[in-house]
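Residue numbers for the sequence shown follow our numbering, so the first one is 28 and each next one is one higher.
Glycine included, each C-beta is placed from N, C-alpha and C at the ideal position.
Values in this document were obtained by computation on a predicted structure and should not be read as measured data.
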Amino acid sequence: VKRENEMALRVFLSDCIERQVGPGGVIRRLQIDAAMQPAGATRELASDLSSLAPFGSGNPEPRFVLPAVRIVKADVVGGNHVRCFVAGEDGGRLKGICFRCVGEPHGNALLHSNGLPLHLTGHIRLDRWQGRENVQLIIEDVAQLS
């Protein structure tokens, strides 16, 4: 496709997709394996989960939802990632990281939650860095409570 025809191709493809899936577009769905509060994300759980590897299409990595957690602190790391610390209704806290999300809806929600609760989904993993081992949530999706 010639560069000058790229926009026409985008419009054409968008129209074709909209006719097939409807005006609401594609609705992304996530398979959630369990719900938990931050205090439930223990080193023991993360270690047990890692023993289920290797993960792939025949063995998906377990996905958790942390409902109605509050962002205690969030900042940008590595230029394009958001690191955060969340607190649950159980009083527990957990570190989270959302990769390549700065400037995206997920990153904006984490950075600007203003104390409002969020639902977070992702994977519980051990983070080994500089000789320390901590549990963290690899954040895949963020939803605001409605």
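message: Within 10 Å of its beta-carbon, does Phe91 have 16 or more other beta-carbons around it, so buried, or fewer, so exposed?
response: buried
Inter-stretch contact (C-beta, 8 Å, three-pair minimum) for the segment 94-108 and the segment 144-158: yes
task: Could you check the C-alpha separation between Val28 and Cys128 for me, to the nearest Å?
output: 30 Å
Local conformation of Ala68 per DSSP, three classes: coil
message: Does Leu138 come out as helix, strand or coil in the three-state DSSP assignment?
response: helix
- prompt: Distance, Cα to Cα, Arg46 vs Phe39?
  reply: In a straight line, the C-alpha of Arg46 is about 11 Å away from that of Phe39.
Among Leu76, Ala80, Phe126, Leu121, the one whose alpha carbon lies nearest that of Asp168: Phe126
- prompt: Counting only runs that start and end within the segment 94-153, where is the beta strand (DSSP E) found for 3 or more residues in a row?
  reply: 108-114, 120-125
message: Please report the straight-line C-alpha distance between Asp42 and Val48, rounded to a whole angstrom.
response: 10 Å
- request: Taking only the alpha-carbon atoms, compute the straight-line gap between Leu138 and Val109 and give it to the nearest angstrom.
  value: Those two C-alpha atoms are separated by around 8 Å.
- request: Take Leu76 and list the residues in its own chain whose beta-carbon comes closer than 7 Å to its own, dropping the five residues that flank it on each side.
  value: Only Pro89, Ile151 meet the Cβ criterion.
field: According to DSSP, residues forming a beta bridge with Gly83
entry: Answer is Asn86, bridged to Gly83.
Supposed close pair Leu62, Leu121 - CB separation, criterion 8 Å: Contrary to the premise, residue 62 reads as Ala rather than Leu in this sequence. At roughly 14 Å, the Cβ-Cβ gap does not stay under 8 Å, so Ala62 and Leu121 are not in contact.
- prompt: Under the DSSP definition of a beta bridge, which residues are partnered with Gln17?
  reply: Because residue 17 is not part of the residues shown, which for the chain are 28 to 173, the question remains open.
query: Considering only the beta carbon of each residue, do Val104 and Phe112 sit closer than 8 Å?
result: no
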